[in-house]
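Trainee: Below: one structure in structure tokens.
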Amino acid sequence: MFMKKVHAITAFSHRFPSIKMSSRLFYHLFSIHCEFIRLILLVFVENVIGKEVKNR
Numbered sequence: 001m002f003m004k005k006v007h008a009i010t011a012f013s014h015r016f017p018s019i020k021m022s023s024r025l026f027y028h029l030f031s032i033h034c035e036f037i038r039l040i041l042l043v044f045v046e047n048v049i050g051k052e053v054k055n056r
């Protein structure tokens, strides 16, 4: 799903060279996105594990 989004963005930027993102900016956005996903996963996993421990 995420890779499809990246592919769509790159295809879009190649189609319109005038608004093509610099690789540094793209990498910066990509790393922020990865950190955001990692944070959400961490919170989600902690909530699930917390519920499992409470149930036992």
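My numbering numbers the first residue of the sequence shown as 1 and each following residue consecutively. Where a beta carbon is used, it is the ideal one built from N, C-alpha and C, also for glycine. Nothing here was measured: the structure is a model prediction, and the numbers come from that model.
(1) Run through DSSP, which three-state label would ARG82 get?
(2) CB of SER23 to nearest heavy atom of the ligand ADP: below 6 Å?
(3) Indicate the three-state DSSP secondary structure (helix, strand or coil) for SER22 in the structure shown.
Mentor: If we stick to the structure as given:
(1) Past the edges of the chain, shown from 1 to 56, lies residue 82, and the structure says nothing about it.
(2) Only the bare structure without any ligand can be found here, which leaves the ligand ADP out of the picture.
(3) Three-state result, SER22: coil.
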